[in-house]
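Written below as structure tokens is the structure these notes are about.
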Amino acid sequence: MKASVIIPTKNAGPGFAGVLQAVLTQQCPWPYEVIVIDSGSTDGTLDLCRESHVRLLQIEPASFGHGRTRNLAIEHACGEFVALLTHDALPASRHWLARLVDATDAEPDIAGTFGRHLAYPSADPYTQRDLDWHFDNFAAMPKVVRLDDRSRYEVDVAYRQMLHFFSDNNACVRRNVWERYPYPDVSFAEDQIWAQTVIEAGYAKAYADDAAVFHSHQYSVQEIGRRSFDESAAFARLFGYNLCPTIATAVLRTVHATARDLMWSIQRKEVIPHLYWMARSPFANFARQLGHYSGAHERNIPASVIDRVSLDGALKSGKSFRRTK
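Here the sequence shown is numbered in the working numbering, starting from 10 and rising by one per residue.
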């Protein structure tokens, strides 16, 4: 079989019906399968999967891990290429899967491909803008990248981050590469660690701008801080990055980001439509930077506090069913 599509789920909610329908109606010149791996849904997710006749794997909630669960699903997959989605990532076209697989199959040393994320129409204007800017940067680069300059890789953080960026909210991996380099069993950034591993092993990575999905989150200010804490702590622990070294840095970045938001809305002549988001902007930006600062200094924070601050920790403890990936 040419391809498998894997979707981890946990109380996926009403939007999952649209995601599953979009995946099952992809237009491809070859057969593909769909595997859902669920970690304890109590809503209608399981019934929907059974009605749709997809392959359904079920695991205990406590056994979920971003890398571990995906590895288990890939072990059950039959495809030469494995596409990875999350339950809230909606393919933007019926050619999404074919384009993602074609991009991965374009050259024999491509280990994996990731595609563009589009903000849902309901997302706030700054989230829509930031997603566009982020993926526009990749669209302006070569579609296929490799580790061509090891000396630069050792000293240039931006170059290193570009090479290992990968998002398995919308991605495809080559099965025989995954067999040599499975996902790491970590609590966060399993996709980027995997990409770093295969890049350093000599494989290439591709970007498919036309294989887009709708995927965005509308976080509260508190959730922005908690999500940023998890991101910063993981990047410090796994990559050695300090996303926000001092409180002064957090304040300066908050001022800069807020001014950018306000100027962007003014330049677009959308002050009135953006009024709520403009008022919210300094609080959201400070929450993000405070989360980055706290996460970078995770080793100095008591475990009992981390359990209350970490959004991923809340998911693991069962205090929230909201999955952030």
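All C-beta atoms, glycine included, are put in the ideal place defined by N, C-alpha and C. In this text, all values refer to a predicted model and were calculated from it rather than measured experimentally.
Practice item. At 4 residues or longer, and completely inside the stretch 40–114: list those alpha helix (DSSP H) runs for me, N to C. Key: Contiguous alpha helix (DSSP H) elements confined to the stretch 40–114 occur at 54–61, 75–85 and 105–114, taking only those with 4 or more residues.
Review point. Is the stretch 159–171 touching the stretch 232–240 in the sense that three or more CB pairs, one from each, lie closer than 8 Å?
Key: no
Review point. So what does Ala217 bridge to, in DSSP terms?
Key: By 1-based counting over the sequence shown, the position of residue 217 is 208. Beta-bridge pairing links Ala217 to Gly124.
Check your understanding: Expressed to the nearest angstrom, what Euclidean distance is found between the alpha-carbon atoms of Ala107 and Pro100?
Key -> Along the sequence shown, read from residue 1 onward, the residue named residue 107 stands at position 98. Along the sequence shown, read from residue 1 onward, the residue named residue 100 stands at position 91. Their Cα atoms are separated by approximately 11 Å.
Review point. In or out: Tyr216 buried (at least 16 other Cβ within 10 Å) or exposed?
Key: Counted from its first residue, the sequence shown places residue 216 at position 207. Buried, by the Cβ-count rule.
Check your understanding: Thinking C-alpha only, which one of Asp114, Pro38 and Pro130 is nearest Phe123?
Key -> Translated into positions along the sequence shown, residue 123 becomes position 114. For Phe123, the nearest C-alpha among the options comes from Asp114.
Practice item. Could you pull the start and end residues of the alpha helix (DSSP H) that Arg289 belongs to? Key: Stepping through the sequence shown from its first residue, residue 289 is reached at position 280. According to the DSSP assignment, Arg289 belongs to the alpha helix (DSSP H) that extends over Leu284 to Ala305.
Check your understanding: Within 10 angstroms of its Cβ, does Gln276 collect 16 or more other Cβ (buried), or is it exposed?
Key -> Counting from one through the sequence shown, the residue named residue 276 turns up at place 267. Per the 10 Å Cβ criterion, exposed.
Point to revise | Pairwise C-alpha distance: Ala98 and Ala221 | key: Reading the sequence shown from its first residue, position 212 is the one you call residue 221. Reading the sequence shown from its first residue, position 89 is the one you call residue 98. Spanning the two alpha carbons is a distance of roughly 9 Å.
**Study point:** Those runs of the alpha helix (DSSP H) which lie wholly inside the stretch 170–223 and span at least 4 residues
**Key:** 184–189 and 199–209
Review point. Expressed to the nearest angstrom, what Euclidean distance is found between the alpha-carbon atoms of His283 and Arg59?
Key: On the sequence shown, position 274 is the one that residue 283 refers to. On the sequence shown, position 50 is the one that residue 59 refers to. Approximately 42 Å between the Cα atoms of the pair.
Practice item. Given a cut-off of 9 Å, decide if Pro17 and Val45 are closer than it, judged by their beta-carbon atoms. Key: Here residue 45 is taken as the residue at index 36 of the sequence shown, counted from 1. Here residue 17 is taken as the residue at index 8 of the sequence shown, counted from 1. Their beta carbons are under 9 Å apart, which means Val45 touches Pro17 by this criterion.
Point to revise | Rounded C-alpha distance that separates Thr263 from Trp187 | key: Taking the sequence shown and counting its residues from 1, the one referred to as residue 263 is at position 254. Taking the sequence shown and counting its residues from 1, the one referred to as residue 187 is at position 178. Their Cα atoms are separated by approximately 40 Å.
Review point. Within this structure, are the beta carbons of Gly88 and Tyr192 separated by less than 9 Å?
Key: For the purposes of this step, residue 88 is taken as the residue at position 79 of the sequence shown. For the purposes of this step, residue 192 is taken as the residue at position 183 of the sequence shown. Contact: no.
Review point. What are the boundary residues of the alpha helix (DSSP H) that includes Val164?
Key: Translated into the one-based positions of the sequence shown, residue 164 becomes position 155. Start and end: Arg159 to Val164.
Practice item. Note down, in chain order, each residue of its chain lying with its Cβ closer than 8 Å to the Cβ of Val207, except the 5 sequence neighbours on either side. Key: On the sequence shown, position 198 is the one that residue 207 refers to. Only Ala120, Gly121, Val186, Tyr190 and Lys214 meet the Cβ criterion.
Review point. How about Thr148 and Asp218: are their beta carbons less than 9 Å apart?
Key: Working through the sequence shown from its first residue, we reach residue 148 at position 139. Working through the sequence shown from its first residue, we reach residue 218 at position 209. Before going on, a small fix: residue 148 reads as Ala here, not Thr. Yes, Cβ-Cβ distance for Ala148 and Asp218 is below 9 Å.
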